[in-house]
Each structure stands twice: as C-alpha cells, then as structure tokens.
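**Q** Let me begin by handing over the structure; questions about it come next.
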Amino acid sequence: MNDAATDALALLREDLRDFAGYRSARCERAAGSAWLNANEAAHANASDAEGRLRRYPPRESEALQSALAALYGIPPAHLLIGRGSDEAIDLIVRAFCRPGLDAVLVTPPVFGMYAVCARLQRAPLVEVPLREHAGEFEVDLDHVAACAERERVRVVFLCSPGNPAGGMLAAADLRALARRLARRAMLVLDEAYIEYADSASMLECGALESNLLVLRTLSKAHALAAARIGCAIGDPGVIAALRRCQAPYPLPEPSARCALAALAPAVLTATRRRIAETRAERTRLARELARTPGVRHVHASQANFLLVRFDDADAALARLLAAGVVVRDVRAMPRLGDAVRITIGTPVENDAVLDALRARTEAA
Ligand SMILES: Cc1ncc(COP(=O)(O)O)c(C=O)c1O
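Below is the structure:
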C-alpha cells in the first residue's frame, strides 16, 4: 500500500480500523446443493413465481459491480454500491467521524443530507456559506480549506453540479483542495447530476487522490430513483473499509437486476439521448423564464433543475400549485428567501410551468 493510501486509511475512526464487520452466511463461499446456512424459507413465496426472492442476495452483485466500474471507467475494487448515494453519505460520516469530536463541513445552501447524517452521528457541523459572485453562487475553496484546517473537520462535502444552484467546481481546484487536506480530512465530491453538465466527471480527470471520494448515482440521469443504486468511488482501501461498515446484503436483488438492465449498451444509448433532451429543455426553460415578468433571476445550471428567484415567490408558488405544478420550495435555505427550484421535466411539463407563471401577468 502506498503512503497516500495509508494516510487516507489513517483518517478512519481509530476504533474501526480493525473492524471486520458482519460476516453473513453469503460470505461463506462453500459449494453445496442444499443451502441450509442462512435460515431462509424452504419454499418460495406464493407470489414469487420465478423463485428469485427466497434467498438473500450475494454480498455484492459481481455483474453489477463490473458494469458500474466499466460505466465510470474505474477498477471494480474502487467502487462501493449502496442504497442510493444517500447510504454512501451516511456510511462515510459514520466511518470517519467520532461522535462529538470530528466535524463535517458543508457549504450552504446545499443538499441537506450531509447535515442530516452529521446530526445523526453527532458530528459537529461546520458551515462555509457559498459566496455570490456576479449573481451566481460559488464555493469559497480557500475558506473551506482554512476552516477545515482550523476546526477539527474530518469530512468535507462538496457538490458539483451543486444542488440547489447548479454551479460547477473545476477539477484542478478540487485536486488542489484534496492535496491540501491530505492527512487531515476526506473530501467527498457529490456528482449526482454530473451527466447533465458540460464538463467531465472528476473520474475522467486522472487518478483520484486517496482522500477524495466521488459519489455517483443511477437516480437522476439514469432514471432509476426507485431502484436506490448509488456509488462511492475512491481508494480501494477506503472503499473496503466503508464496505465493512455497511449492512449485510445491501443490494436488493430486484434493484440489482434493474440496474444491470439499465447499463446494457442499447439502454445507455437511450439514456444519453434523454440527457441531451433534458439539457436542451434546460436551455429553453431558462431562456423563457428569464423573459417572464416577475422572474428576477435564473441561476446558470449544469444540472437537471433551475434555481429561480422571483419578485414575489409566494405568488409564483401559488400560481404553479393552482396549475398542478409541484416545485421545490427552497425559501427556508439560507439566502434563498425568494427562490424556487424547478426540475426540468418533459416539454409539456415545462410549458405548464411557463403558462402558469405567465398567466399571473396576464391576470394582473
Ligand atoms: C446532490 C445530491 N446528492 C445525492 C442525492 C441522493 O441521491 P440517491 O438517490 O442516489 O440517494 C441527491 C438527491 O436528490 C442529491 O441532490
């Protein structure tokens, strides 16, 4: 193991460094014809005609592990599959932060699960607010590094494209931050929306620093939110440590099957076409919203949503709801008191957004 990898493993909670985790019956790779070691039922459920669900699934689906590794261009040992990236976020906080001691750093306004998982682990939360520059939000990376160095920060969460504003971070800046935080903190880069962006994933920009973990998901661009498949990608030693903290049988068999089907070449081609359509709709909706009276600002977005500021967000929300259009009210988030986040839908759904908001001015 090289020095850098050892450094990243040294960031793990000390009490978990020699933790083997739960050894389930499926870990026993014995050969046999009568499998009586996991207290599974003797017969399939009457509703399970194909008998696929009677047995616990394997610890990992090797086929899915290989298919996701191929999709992301990394070796399979660098990948942990979880129940959505939400599970990966939780595992990372639990594996690296000692309750009451090691802090989690977030950059509000940002995806709320990082703070939720910190709270559940009783990890102190350090907030470095996004700064506003020329009407857009950006991460103050120098401030992030300085706070991480000053406070006892063990995990830094960054999101690119960011949720809810949709801005990107540059790969070179992220690499420099990871290097600056080496031996001090894990840097977690959440790329849940990267497929919608103009620029490439960090995974395509060379080998990752050992204290850098990238999160990816099939919930967004691959349209499999209900299957709950997300990944943490990084140093194989760190990934193996996270796996030891994960619950046994983490992947429901039907979900693994759906995910594998979604990674077949023909399906990936269709997914890429859908992504292109969503990107085109994002451009159209942003342009049309910017021309809509009452809209104060549409944030530049690289994701499948737009953060939109209104002169009167209350009225805009009421108009949308009355038209049956449900959007995300983000006004409780810091500095977003006039904002709403709108997911890019189908062209018909996006037209419904525009019609509802324009009806407001015609009626006025
Ligand atoms: C930035 C970000 N990360 C992670 C997630 C969770 O994704 P998953 O469905 O893979 O748990 C979301 C979901 O909205 C998100 O916005």
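Quick note on this note's numbering: the sequence shown kicks off at 16 and runs consecutively. A virtual CB, placed ideally from N, CA and C, is assigned to each residue, including glycine.
If you run the structure through DSSP and keep just helix, strand and coil, what is E296?
**A** Looking at E296 - three-state DSSP - the assignment turns out to be helix.
**Q** How is the alpha helix (DSSP H) around M128 delimited, first residue to last?
**A** Looking at the DSSP string, the run of the alpha helix (DSSP H) that includes M128 is M128 to Q136.
**Q** Can you name, in chain order, every residue of its own chain whose Cβ lies under 8 Å from the Cβ of L94, other than the five neighbours on each side?
**A** Once the five neighbours on either side are set aside, the close Cβ partners of L94 are Q80, L83, A84, Y87, C246, A247, I248 and I254.
**Q** For the 8 Å Cβ check, are there 3 or more pairs between the region 323-335 and the region 281-289?
**A** No, they do not touch.
**Q** So, is the C-beta of P73 closer than 8 Å to a C-beta in chain D?
**A** The chain inventory of the structure shown lacks chain D, comprising one protein chain alone.
**Q** DSSP puts C246 in a beta bridge; with which residues?
**A** Paired residues: I96 and R231.
**Q** If you count every other CB in all the chains shown that lies within 10 Å of the CB of T10, and 16 or more means buried, which is it?
**A** The structure shown does not extend to residue 10, since the chain spans only 16 to 379, so no value can be given for it.
**Q** What residue does the alpha helix (DSSP H) around C162 start on, and which one ends it?
**A** First-last of the alpha helix (DSSP H) with C162: L156 to R165.
**Q** Is G150 near ligand 1, with its Cβ less than 7 Å from a heavy atom?
**A** Checking the Cβ of G150 against ligand 1 gives no.
**Q** In this structure, does DSSP put F111 in helix, strand or coil?
**A** Helix at F111.
**Q** Is T232 near ligand 1, with its Cβ less than 7 Å from a heavy atom?
**A** Correct: T232 has its Cβ closer than 7 Å to ligand 1.
**Q** Starting from D188, trace the alpha helix (DSSP H) in both directions and tell me its first and last residue.
**A** A186 to L196 is the span of the alpha helix (DSSP H), which, as asked, contains D188.
**Q** Buried or exposed: where does T122 fall if 16 or more other Cβ atoms within 10 Å of its Cβ makes it buried?
**A** So T122 ends up on the buried side.
**Q** Counting Cβ pairs closer than 8 Å, one from the region 260-268 and one from the region 229-239, do we hit at least three?
**A** The region 260-268 is not in contact with the region 229-239.
**Q** I'd like to confirm something about S175: is its beta-carbon nearer than 7 Å to some heavy atom of ligand 1, or not?
**A** For ligand 1, not one heavy atom lies less than 7 Å from the Cβ of S175.
**Q** Quick one: does the C-beta of S214 sit closer than 7 Å to a heavy atom of ligand 1?
**A** No, the Cβ of S214 stays beyond 7 Å of every heavy atom of ligand 1.
**Q** Measuring from the CB of N178, is there a heavy atom of ligand 1 at a distance below 7 Å?
**A** Yes; taking the cut-off as 7 Å, the Cβ of N178 has a heavy atom of ligand 1 nearer than that.
**Q** Of the residues V229, V355 and T293, which one's Cα is nearest the Cα of A212?
**A** That would be T293, whose Cα lies nearest to the Cα of A212.
**Q** Would you identify the three-state DSSP class for R146, choosing helix, strand or coil?
**A** Strand, per DSSP.
**Q** Report all residues from its chain with a CB closer than 7 Å to the CB of R334; omit the five preceding and five following residues, and keep chain order.
**A** These residues qualify, in order along the chain: A371, L372, A374 and R375.
**Q** Should F172 be listed as close to ligand 1, given that the test is whether its C-beta is under 7 Å from any heavy atom?
**A** F172 Cβ: outside cutoff for every heavy atom of ligand 1.
**Q** If you draw a straight line from the alpha carbon of D22 to that of L156, how long is it in whole angstroms?
**A** Cα to Cα, the separation comes out at about 22 Å.
**Q** Does the Cβ-Cβ distance between V154 and L173 come in under 8 Å?
**A** Contact: yes.
**Q** Quick check on the DSSP output: the beta strand (DSSP E) that includes D169 runs from which residue to which?
**A** Sequence check: residue 169 is Arg here, not Asp. Segment V168 to C174, the beta strand (DSSP E) holding R169.
**Q** With a threshold of 7 Å, establish whether the CB of D366 neighbours any heavy atom of ligand 1.
**A** No - ligand 1 has no heavy atom lying nearer than 7 Å to the Cβ of D366.
**Q** Using a Cβ-Cβ cut-off of 7 Å (strictly less than) and excluding sequence neighbours within five positions of R195, which residues of its own chain qualify?
**A** Result list for R195: A160, in chain order.
**Q** Assign A378 to one of three DSSP states: helix, strand, or coil.
**A** Interpretation of A378 is limited by its pLDDT of 48, a score under 50 that renders its predicted location unreliable; the figure taken from the coordinates is listed afterwards. Looking at A378 - three-state DSSP - the assignment turns out to be helix.
**Q** State the Cα-Cα distance for the pair A197 and L26, rounded to the nearest angstrom.
**A** If you take the alpha carbons of A197 and L26, they lie about 9 Å apart.
**Q** Span of the beta strand (DSSP E) holding R311?
**A** Start and end: V310 to V313.
**Q** Under 8 Å between the Cβ atoms of P72 and E268?
**A** Cβ distance < 8 Å, so P72 and E268 count as in contact.
**Q** Residues in its own chain within less than 7 Å of A130 by CB, not counting five upstream and five downstream?
**A** If we look at A130 and ignore the five residues flanking it on each side, its Cβ neighbours are V121 and L140.
**Q** List the whole-angstrom C-beta distance separating P179 from V313, where the pair is believed to meet the contact cut-off of C-beta under 8 Å.
**A** Going by Cβ atoms, the distance from P179 to V313 rounds to 13 Å, so no, they are not a contact pair.
**Q** Using the rule of at least 16 other Cβ atoms within 10 Å of the residue's Cβ for burial, across every protein chain shown, is A57 buried or exposed?
**A** Exposed, since its Cβ has fewer than 16 Cβ neighbours within 10 Å.
**Q** Less than 7 Å between the CB of S100 and some heavy atom of ligand 1, yes or no?
**A** S100: yes, Cβ under 7 Å from ligand 1.
**Q** Could you give the C-beta distance for D117 and F111, rounded to a whole number, given that I count them as a contact under 8 Å?
**A** About 7 Å; that satisfies the 8 Å criterion.
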